[in-house]
Amino acid sequence: MSGSEPLSTLAPARPASRWTAVKQAWRQYHTMYLFMLPFFILFLIFVVAPVLTAAYLSFTYYNMLQPPRWIGLSNYRLLFVEDDIFITAIQNTLAFALITGPVSYALSFTLAWFINRVKLRQVYTLAFYAPSITSGIAMSVIWLYFFANDRYGLLNYLVMNIGLIREPVAWLKEQSTILPVIMIISLWMSLGTSFLVFLAGLQDVPRELYDAGAVDGVGNPFQEVWYITLPVMRPQLLFGAVMAIVSSFSVFGIAVQVAGLPSPLYAGHTIVAHLYDYGFIRFEMGYASAIAVVLFIATFVLSRWVMRILGDSE
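In the working numbering, the protein residues as written are 68 to 381.
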């Protein structure tokens, strides 16, 4: 380094101000920002604003006839301390989520992997995906006939003919059988978006990776899945996990159509059913908003936990 160099070349460059960086980004990417603006506005109006409104209403008493009245944490105290039915709804929802969530997730991937390896892929895909796009009311009519409480119900008829039981079982009336029936129907209808995403991800795995794995000693399909397919499909697996969490915690339609609202002894009562009861039957919107906030926090925390596990580790 010669002594004739100016001092300005030796001093570190001053970082540009934040406002300068924003203006440079706008000049460079303003076209993309303008294309994103309609979606951003709709996102603020229909997602962010309702969430913030529900959070505010959860601290108020609001019956849709009078202006909201601030009551602080009273709704949450009532929810967790005095509302025994909400505790039952939490127990039912957690039991439903812990069973149907992982089973539906594993079933979607397993069937997608199987279909990806056989011929007539389109036919099998339609056969497994059709229940998820069928109306819940239509599906409940079929399952209500299957689990009918009298001897003319299909399941009772078959089991009685075999000789396992002598009298028909009230599948949709007994407390011990309502939730398992809801789980079975939900699993039947669970092969939806995640199933298609897994199937698309399997078809997108480069064949060269399997060839390279064969050279390195990967000798059977299960080793291919563990060492090659699952690491490559991490984004699809993350999406499917989040969808499984959201769908398992938001079960409502099938439970109400099969077991009614309220269900016998609240055996099939879920958090969303409790929210619907207070929000759209009793019109206690402040209390219903508190239920919605609890449900939102639970699904958000679990989704973030799954994203931490399956997200990009880089």
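Where is the CB? At the ideal position from N, CA and C, for every residue including glycine.
Bear in mind the structure is a predicted one, so any value in this text is a computation, not a measurement.
Below 8 Å on the Cβ atoms is my contact criterion, and I expect residue i with residue j to pass it. Report the Cβ-Cβ distance as a whole number of Å.
| i | j | result |
| --- | --- | --- |
| Y294 | G307 | With a Cβ gap of about 20 Å, Y294 and G307 do not count as contacting. |
| G268 | Q303 | 4 Å |
| Q242 | L332 | 5 Å |
| L174 | L305 | Not quite, the Cβ-Cβ distance comes to about 18 Å (not below 8 Å), so this is no contact. |
| A121 | S330 | Between S330 and A121 the Cβ distance is about 25 Å, and since that is not below 8 Å, they are no contact. |
| V118 | F363 | 7 Å |
| L145 | V361 | That pair is no contact at about 12 Å. |
| E291 | V282 | About 13 Å separates the two Cβ atoms, so there is no contact after all. |
| L221 | Y212 | 6 Å |
Which residue's Cα is closest to the Cα of residue i: the options?
| i | options | result |
| --- | --- | --- |
| M131 | V170, L231, I348, S171 | I348 |
| G168 | E351, S207, M250, Q158 | M250 |
| Q133 | G353, R144, L119 | G353 |
| N183 | T296, L254, Q95, V309 | T296 |
| I312 | M374, L369, A179 | L369 |
| S322 | L276, V282, Q290, M206 | It should be noted that the sequence gives Ala, not Ser, for residue 322. Taking only the C-alpha atoms, the option nearest A322 is M206. |
| I157 | G335, V373, R375 | G335 |
| S261 | V318, G378, T192 | T192 |
| A326 | E275, V248, L276 | V248 |
| S314 | G284, M256, E351, R301 | M256 |
| L161 | L246, Q290, L266, V272 | L246 |
| I338 | F350, Q324, V318, E351 | V318 |
| Q324 | I209, Y96, V89 | I209 |
| S199 | S171, N159, T244, Q290 | S171 |
| V272 | P298, Y224, W372 | P298 |
| V373 | F181, M310, L266 | M310 |
| F153 | V114, Y343, A194 | Y343 |
| L328 | K240, R301, V114, A197 | K240 |
| I376 | A365, F350, R301, G320 | R301 |
| F181 | F289, G320, V226 | F289 |
| T201 | G320, F110, R371 | G320 |
| T244 | G378, N159, Y96, L109 | N159 |
Use the C-beta contact count for residue i: other C-beta atoms within 10 angstroms, 16 or more gives buried, fewer gives exposed.
| i | result |
| --- | --- |
| H396 | Any answer about residue 396 is impossible in this case: the structure gives the chain only from 68 up to 381. |
| N228 | exposed |
| A80 | With a pLDDT of only 48 at A80, under 50, the local geometry of the prediction cannot be trusted, and the value read off the model is given with reservation. It counts as exposed. |
| Y345 | buried |
| F367 | exposed |
| N287 | exposed |
| L165 | exposed |
| A359 | buried |
| D278 | exposed |
| V264 | buried |
| T76 | Low local confidence applies: a pLDDT of 49 at T76 is under 50, so the model's placement there is unreliable, with the coordinate-based value given in what follows. Counting Cβ neighbours within 10 Å, T76 comes out exposed, since fewer than 16 surround it. |
| W86 | exposed |
| D150 | buried |
| A179 | buried |
| F176 | buried |
| M99 | exposed |
| L74 | With a pLDDT of 46 at L74, under the threshold of 50, the modelled position of this residue cannot be trusted; read the value that follows with caution. So L74 ends up on the exposed side. |
| I112 | exposed |
| I252 | buried |
| L266 | buried |
| V114 | exposed |
| F350 | exposed |
| S69 | With a pLDDT of 49 at S69, under the threshold of 50, the modelled position of this residue cannot be trusted, and the question is left open. |
| F163 | buried |
| F106 | exposed |
| F195 | buried |
Can you determine whether any heavy atom of the ligand ADP sits closer than 7 Å to the C-beta of residue i, and answer yes or no?
| i | result |
| --- | --- |
| R136 | Ligands displayed in this structure: none; no statement on the ligand ADP is therefore possible. |
Practice item. Evaluate contact between the segment 233-243 and the segment 205-217, counting only Cβ atoms and requiring at least three cross-stretch pairs below 8 Å. Key: At 8 Å Cβ cutoff, the stretches touch.
Point to revise | In chain order, each alpha helix (DSSP H) run of at least 4 residues that lies wholly inside the segment 264-329 | key: Runs of the alpha helix (DSSP H) inside the segment 264-329: 274-282, 288-291, 301-316, 320-326.
Practice item. Count the C-beta pairs between the segment 138-146 and the segment 108-128 that are closer than 8 Å, then say yes if the count reaches three, no if not. Key: Yes, the segment 138-146 touches the segment 108-128.
Practice item. Would you mind listing the beta strand (DSSP E) stretches within the segment 134-193 that are 3+ residues and don't spill past its ends, in chain order? Key: Not a single unbroken stretch of the beta strand (DSSP E) spanning 3 or more residues falls wholly within the segment 134-193.
Check your understanding: Curious, which full-length beta strand (DSSP E) runs of at least 3 residues does the segment 86-124 contain?
Key -> For the segment 86-124, not a single whole beta strand (DSSP E) run of length 3 or above is found.
Exercise for review: For the segment 340-377, list the alpha helix (DSSP H) runs that are entirely contained and at least 4 residues long, ordered along the chain.
Suggested key: Within the segment 340-377, the complete alpha helix (DSSP H) runs of at least 4 residues are 352-377.
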